[in-house]
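Numbering (our numbering), first residue to last: 2 to 264.
Using N, Cα and C, we set each Cβ at its ideal position, and we do this for glycine too.
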Amino acid sequence: MKKYIFLGIILAVVGLLGTTASAEHSWGTYHWARTENPFTLKLGDDVSSAWDSYLATASTKWTLSSVLDTTVVSGLTNPKRCRATLGRVEVCSSKYGKNGWLGLAQIWITGGTHIAQGVVKLNDTYFTTSRYNKPAWRNMVMCQEVGHTFGLDHQDEDFYNPNLGTCMDYTNNPARDDGAGDNQYPNAHDYEQLETIYAHLDSTTTVGASAPSRNAKALLEQLLENRLDWGRAVRQDRQGRDNVFVRDFGRGNKVLTHVFWVE
2 MKKYIFLGII
12 LAVVGLLGTT
22 ASAEHSWGTY
32 HWARTENPFT
42 LKLGDDVSSA
52 WDSYLATAST
62 KWTLSSVLDT
72 TVVSGLTNPK
82 RCRATLGRVE
92 VCSSKYGKNG
102 WLGLAQIWIT
112 GGTHIAQGVV
122 KLNDTYFTTS
132 RYNKPAWRNM
142 VMCQEVGHTF
152 GLDHQDEDFY
162 NPNLGTCMDY
172 TNNPARDDGA
182 GDNQYPNAHD
192 YEQLETIYAH
202 LDSTTTVGAS
212 APSRNAKALL
222 EQLLENRLDW
232 GRAVRQDRQG
242 RDNVFVRDFG
252 RGNKVLTHVF
262 WVE
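So this is what it looks like as structure tokens:
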């Protein structure tokens, strides 16, 4: 009950401020299949101790949504490989190399639109540098990549626009408050978009699933570790860099990768 009251206050305040941020930022029509709201999604803790508090904070902030809860549980994968687990999201941190990205999110789609599993990767090659080893950057990227695994997209992709007060916004300084708040956590528009994405219920569930269908088994075992594995680029950010990729396996089965490049 408390989280619904708190969310109502957030929505009222944002309405009074008259922000122009758009709530239309879903990642296609992709969503977790479930038979009731709110549903609980497990976030596997495959991160180092330097990231534990940021994962906990992201989980708490996203759980303010009226349609989903998240809970942090023990991880089930080697962070360097970051292999997905059916029915949940594995959140990993490791030194993935100087490949240009701070973080990425991947979701495995079955049946055309349903998310079956997901991973988040946080690249400590950059987060151990003075530029990015800051609480605001860690909060923002953790929050954003976890948000992608729910089916959310960005509200804005220009590093140099004023901050919109949401982690689902690109920025060159997530700690800066441009009037709408800093870019470390979700805002009311993110919660509104989740309500839209999860407005309908499904007859089956992919949340917490343990046995893949025969049709999806080969897809769910795919480990797409580098850019050559990600498939076809389908979108670019405002800087002209490919940031959304699709690896299509046919019959409604595919893997989508959302990449957060360094500025």
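For residue i, the residue or residues it bridges with in DSSP
{"i": "Asp243", "result": "Gln237"}
{"i": "Arg248", "result": "Val256"}
{"i": "Trp33", "result": "Ile116"}
{"i": "Leu153", "result": "Ser27"}
{"i": "Asp170", "result": "Asp157"}
With 16 other Cβ atoms within 10 Å as the buried cut-off, status of residue i
{"i": "Met201", "result": "It is worth fixing the name first, because residue 201 is His in this sequence and not Met. His201 comes out exposed."}
{"i": "Ser75", "result": "exposed"}
{"i": "Lys99", "result": "exposed"}
{"i": "Val256", "result": "buried"}
{"i": "Leu195", "result": "buried"}
{"i": "Ala22", "result": "With a pLDDT of 45 at Ala22, under the threshold of 50, the predicted position of this residue should be treated as unreliable, and no value is reported."}
{"i": "Arg239", "result": "exposed"}
{"i": "Val260", "result": "buried"}
{"i": "Arg139", "result": "buried"}
{"i": "Asn254", "result": "buried"}
{"i": "Asp125", "result": "buried"}
{"i": "Asn227", "result": "exposed"}
{"i": "Leu56", "result": "buried"}
{"i": "Leu229", "result": "exposed"}
{"i": "Gly251", "result": "exposed"}
{"i": "Ser211", "result": "exposed"}
{"i": "Gln145", "result": "buried"}
{"i": "Lys96", "result": "exposed"}
{"i": "Ser131", "result": "exposed"}
Start and end residues, beta strand (DSSP E) containing residue i
{"i": "His115", "result": "115-124"}
{"i": "Ser95", "result": "90-95"}
{"i": "Trp102", "result": "102-111"}
{"i": "Thr41", "result": "40-47"}
{"i": "Thr197", "result": "It is not in any beta strand (DSSP E) - Thr197 instead sits in the alpha helix (DSSP H) that spans 189-198."}
{"i": "Trp262", "result": "254-262"}
{"i": "Thr71", "result": "69-75"}
The alpha helix (DSSP H) enclosing residue i, as first and last residue numbers
{"i": "Gly148", "result": "136-149"}
{"i": "Ser302", "result": "The requested residue 302 does not occur in the structure, where the chain is confined to residues 2 to 264."}
Nearest-angstrom beta carbon gap, residue j and residue i [assumed within contact, 8 Å]
{"i": "Gly119", "j": "Gln107", "result": "6 Å"}
{"i": "Cys83", "j": "Asp47", "result": "7 Å"}
{"i": "Val73", "j": "Leu42", "result": "Going by Cβ atoms, the distance from Val73 to Leu42 rounds to 11 Å, so no, they are not a contact pair."}
{"i": "Tyr199", "j": "Asn38", "result": "6 Å"}
{"i": "Pro163", "j": "Asp179", "result": "4 Å"}
{"i": "His32", "j": "Leu153", "result": "His32 to Leu153, Cβ: 10 Å. No contact."}
{"i": "Thr36", "j": "Ile116", "result": "15 Å between Cβ atoms; not a contact."}
{"i": "Gly101", "j": "Val263", "result": "6 Å"}
{"i": "Glu91", "j": "Leu103", "result": "At roughly 18 Å, the Cβ-Cβ gap does not stay under 8 Å, so Glu91 and Leu103 are not in contact."}
{"i": "Thr30", "j": "Thr114", "result": "5 Å"}
is_contact[residue i, chain D] using C-beta, thresh 8 Å
{"i": "Phe128", "result": "Among the chains of the structure shown, chain D does not appear; only one protein chain is present."}
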